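J.: So that we are looking at the same thing, I have put the structure below in structure tokens.
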Amino acid sequence: MKKILAAAALSAMALGASAQITGDIFIHDPSTIVRCNGVYYTFGTGSGGLMSDDGYTWRSGAVRPGGGVAPDALKIGDRYLVTYSGNYPGTQGKTHGIATTMWATTLNPDSVDYSKEELVAWAGADDDCYCIDPALLLDPTTGRLWMSYGTYFGAIRIVELDPKTAKRLEKSEPVDIAIDCEATALMYHNGWYYLLGTHGTCCDGTNSTYNIVCGRSREVTGPYVDNVGRDMLQGGGKMVLSAGNRVTGPGHFGHYVEEEGCEKMSCHFEADFERSGKSVLGIRSLLWKNDWPVAADPFKEGTFEIESERRGYALELAVDFVRINAGRGFGNASTPNESIPNQMLSDVIGDWPKGNIDVRLGDYMFRPHQRWTVTAVGDKGGYLGAPYYKITIEGSNRALAATADGELTAVPQYTGAPEQLWRIEQLIDGTYRIINEKVPGKEGKQLALVCTGDCSLTLGKYDFNDVNCKWNFRDR
Amino acid sequence: MRKTALFFAVLACGTVFAQNRPGAAQQAQPTSVNPVFDKYKQPDVSLDVYFDKSGSKAATPDKDGFIRRWSLLEPISKPEIRSNTLFTDSWLRNEFAHEYFEGQMTILPDDGQTVEVSIQKQAARGPQGMGMPRGMQAQPAAPEYEKVPLKWHCLDSKRYNVKLYRFAKAQSLRPTEGLFLAVTVVNAPADMTVRLAAGSNSASMWWVNGQEALLLSGDRRMVVDDGVSKAITLKKGKNIVRGAIINGPGMSDFCLRFLDESGKPVTNLTVTNK
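Sequence lines, in order, name chains A and B.
Under this note's numbering, think of the first position of the first sequence as 41, with each following residue one higher.
Under this note's numbering, think of the first position of the second sequence as -5, with each following residue one higher.
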């Protein structure tokens, strides 16, 4: 019996750890994820890459010519710019790595039309730099295009490219901005430029100590300094993501902004313990703490209070509050202490309506009508980085659902209907948004849980700057 | 990412260090047909870009406290190190306890002084040094050993960090898969409670006045103040600081300084080779 329980526990752990993305997710050195005509793409070392219609289920099939290693991709206007490190005519033996750029008007593998490659960066054959792992940043404040490159061998460098042609600007000389990183990336946030790099040991499977660190600077050309004031030219770097949740070796950061307040990061993990230790694509929510990026842990299924950020009230069924007939305040200190059991679902469910029950917000008292079990529903698809979830009352199948008129209810039985599928995403401030995008008749329209008052809620448009749209999952 | 290096190791690395002796390196010089590279000036990576010869006048730490004057022994070749993942604490303690030559832990060498070191012979195994990924190099035949004379060099680094890779390369020695030994003399104006702070690529061990102060184990990149020792005493006058730095593929370097009791760099020292 113990063996069975242990197996069940392991199985549950496996589901929890791997309920992030699914399909053919095997890749190394993935580029930043870009979306083209509704399809997500990422390219890796070697030829090709992965693609996904929803961001949750991935497949091979993306096309990138040139082979080589460690590409990056960026949408500029209505074109897609791809860079990678590879071979180039006449450079063999003269360089220690090169990087090229090319354009495409679509990433659709059936009609992709990459332009001729432009050589934009290189390192001399005996240079203190190894020109691989190019990464792109279109500065949102100036419109200027930058590329970082380099790896564990010496300096990480940055050069400026022409955002119209993706050729290197003639006046742009490489600037050293870090040492001994691999797989760098650049991003901008709130007045800061960030240089991300990978430290640790690559390519050692389950033992890879790869980890993603960063420094920040007010200027795109540095100095990039970590949280203890150490320049990345001195090896500095603040941790963004390391091993955990049964994956090791995160590397090759990519930044993806869903919309204001909802950001994601992509990477590879050197080894997925649920997939024979293979290298896989990883996608996490990206949080910002004091203007430092932090990778969120994947959302873990469980039973929670769903707390409004607005007032701190809890999502609950609109049913009678049932008193617990035990315990009084102002007790006599001399009497023995006894444990009072929690109120159980069986204590109250008999008095609940059998049909749909409205939902509202109220004081959290850890009662059955306030305890919600959140479970991944892997066979119903998902969104960028995660599957849809069902949200049910603990110990029952009563499920939170959207109604056709844009309100909320709790239906007696979870059936897998689209209006019962929830998108749960951690926002940059650590709170969550809870969205249904599958309501029949309103497909594709994102309807978020929104407080209309302290005790009431509805479905509405998500707005990061509106506290009514934010929620916390609390295990207490 | 080091796996990807295989691609470029084949493409770009034309240097084969067939012997660990000066003058043995052979640099391939293919002809470019690309105009970009016909104009491109290869960087100067000669020794004097990175080091000066130590002068007779005592040096001081730089403004950030980094010790730049060191006597460096030409690298003890360790071709058997094909992966830095073997740098566990116990492996390193065993390696650093090995005496390669008599007086290894007491010598304060003269510039140019030679010691006879027993090292493993290197077979010609194809491209070395830059970019061969860890664990992906060909297995050598059973090792053979030979006595090799290695020279001490008294140098002042021009940078806060001591670029061992460039030091070795400038001597036409194998710059990777090697053990570097370093020693310097730190002269304190009075007894001082300090902590030794070091970073190294890859693993290293540091001793002050013959006592182990710090071990940096594992596959490591050089990071300022990566490891900091417990509080130690620099005694008034001469203190001998020794280091052993070991690396497989990649660029070896290190940096070292002392921090005072408030964590600030110690700069009121002088540094000599003797």
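Built from N, CA and C at the ideal position, the CB exists for glycine as well.
Computed from a predicted model, the values in this text were never measured in an experiment.
With the cut-off set at 7 Å, would you say E110(B) and K141(B) are in Cβ contact?
T.: A contact, by the Cβ cut-off of 7 Å.
J.: Using the rule of at least 16 other Cβ atoms within 10 Å of the residue's Cβ for burial, across every protein chain shown, is I380(A) buried or exposed?
T.: Burial call: exposed.
J.: Output the boundary residues of the alpha helix (DSSP H) element that contains F161(B).
T.: Element bounds for F161(B): 158 to 164.
J.: How should G323(A) be labelled, buried or exposed, when 16 other C-beta atoms within 10 angstroms of its C-beta is the threshold for buried?
T.: Here the sequence assigns Ile to residue 323(A), which means Gly is not the residue at that position. With 16 or more other Cβ atoms within 10 Å, it is buried.
J.: Using only the alpha-carbon positions, how far apart do N508(A) and E310(A) sit?
T.: Their Cα atoms are separated by approximately 39 Å.
J.: What residues from the stretch 234 to 264 of chain A come within 8 Å of chain B, judged by C-beta to C-beta, listed N to C?
T.: Taking 8 Å as the Cβ-Cβ cut-off against chain B, the residues of the stretch 234 to 264 of chain A that qualify are T238, H239, G240, T241, C242, C243, D244, N247, T249.
J.: If distances are taken between C-alpha atoms only, which option among Q114(B), R62(B), L209(B), D254(B) comes closest to I239(B)?
T.: Nearest C-alpha to I239(B): L209(B).
J.: To the nearest whole angstrom, what separates the beta carbons of Y502(A) and L461(A), a pair I think is in contact under 8 Å?
T.: With a Cβ gap of about 16 Å, Y502(A) and L461(A) do not count as contacting.
J.: Please report the straight-line C-alpha distance between R104(A) and G88(A), rounded to a whole angstrom.
T.: Computed Cα separation, rounded: 5 Å.
J.: What is the residue span of the alpha helix (DSSP H) that A91(B) lies within?
T.: Counting along the chain, the alpha helix (DSSP H) containing A91(B) begins and ends at 83 to 91.
J.: Express the C-alpha separation of G289(A) and Q165(B) in angstroms, rounding to a whole number.
T.: Approximately 36 Å, taken between the alpha carbons.
J.: Does any residue of chain B bring its CB to less than 7 Å from the CB of R315(A)?
T.: For R315(A), the answer is no, since every Cβ of chain B falls outside 7 Å of its Cβ.
J.: Count the other CB atoms within 10 Å of the CB of E299(A); is the residue buried (16 or more) or exposed (fewer)?
T.: It is exposed - the Cβ of E299(A) has fewer than 16 other Cβ atoms within 10 Å.
J.: Could you tell me the alpha carbon to alpha carbon distance between P69(B) and N230(A), rounded to whole angstroms?
T.: Going by the C-alpha atoms only, they are around 47 Å apart.
J.: With 8 Å as the C-beta to C-beta threshold (strictly closer), list the residues of the stretch 213 to 228 of chain B near chain A in chain order.
T.: Going along the stretch 213 to 228 of chain B in chain order, one finds D213, R215, M216, V217, V218, D219, D220 with a Cβ nearer than 8 Å to chain A.
J.: Could you check if E259(A) is buried or exposed, using at least 16 other CB atoms within 10 Å of its CB as the buried criterion?
T.: With fewer than 16 other Cβ atoms within 10 Å, it is exposed.
J.: Compare the C-beta of R104(A) with all C-beta atoms of chain B and state if any pair is closer than 7 Å.
T.: So no, R104(A) is outside the interface.
J.: By Cβ distance below 6 Å, which residues in the same chain neighbour L281(A) in space, the five residues on each side in sequence not counted?
T.: Here the set comprises I252, P290, A335.
J.: Against R270(A), what residues of chain B qualify as contacts under a CB-to-CB distance less than 7 Å, listed in chain order?
T.: Here the neighbours are V218.
J.: Could you check what DSSP says for S386(A) in three-state terms: helix, strand or coil?
T.: Helix.
J.: For the beta strand (DSSP E) that contains L67(B), what are its first and last residues?
T.: 63 to 67 is the span of the beta strand (DSSP E), which, as asked, contains L67(B).
J.: Using alpha carbons as the reference points, say which of S348(A), M279(A), D244(A) lies closest to D312(A).
T.: Considering only alpha carbons, the answer is D244(A).
J.: For M305(A), which beta-bridge partners are listed by DSSP?
T.: According to DSSP, M305(A) bridges with H295(A), R324(A).
J.: Which class does T79(B) belong to by DSSP, given the choice of helix, strand or coil?
T.: Three-state DSSP puts T79(B) in a helix.
J.: Which residues mark the beginning and the end of the beta strand (DSSP E) in which L208(B) is found?
T.: Run containing L208(B): 205 to 210, per the beta strand (DSSP E) assignment.
J.: Please check if any C-beta of chain A sits within less than 7 Å of the C-beta of T79(B).
T.: Interface residue, yes.
J.: Return the residues of the stretch 212 to 224 of chain A that lie within a Cβ-Cβ distance of less than 9 Å from chain B, sorted by chain order.
T.: Cβ contacts with chain B: I219, D220, C221, E222, A223.
J.: Say whether the stretch 179 to 197 of chain B touches the stretch 224 to 239 of chain B, bearing in mind that this needs 3 or more beta-carbon pairs closer than 8 Å, one atom from each stretch.
T.: Touching, per the Cβ criterion.
J.: So, at 6 Å on beta carbons, what are the nonlocal neighbours of A439(A) in its own chain, with the 5 sequence-adjacent residues on each side left out?
T.: So the qualifying residues of the chain are K430, T432, V451, Y454, Q460.
J.: Name the residues in the stretch 190 to 204 of chain B whose C-beta lies less than 7 Å from a C-beta of chain A; which are they?
T.: Going along the stretch 190 to 204 of chain B in chain order, one finds G193, N195 with a Cβ nearer than 7 Å to chain A.
J.: Could you check if G237(B) is buried or exposed, using at least 16 other CB atoms within 10 Å of its CB as the buried criterion?
T.: G237(B) is buried by the Cβ-count criterion.
J.: At what residues does the alpha helix (DSSP H) containing D42(B) begin and finish?
T.: Element bounds for D42(B): 41 to 44.
J.: Any beta carbon from chain B within less than 7 Å of Q60(A)'s own beta carbon?
T.: Judged by the 7 Å Cβ criterion, Q60(A) is not in contact with chain B.
J.: Do you know how far the Cα of S71(A) is from the Cα of F83(A)?
T.: Taking the straight line from one Cα to the other gives about 5 Å.
J.: Using beta-carbon positions only, say whether Y296(A) and I73(A) come within less than 7 Å of one another.
T.: Cβ atoms of Y296(A) and I73(A): closer than 7 Å.
J.: Return the CA-CA distance between G435(A) and A457(A), expressed in angstroms with no decimal places.
T.: Taking the straight line joining both Cα atoms gives about 20 Å.
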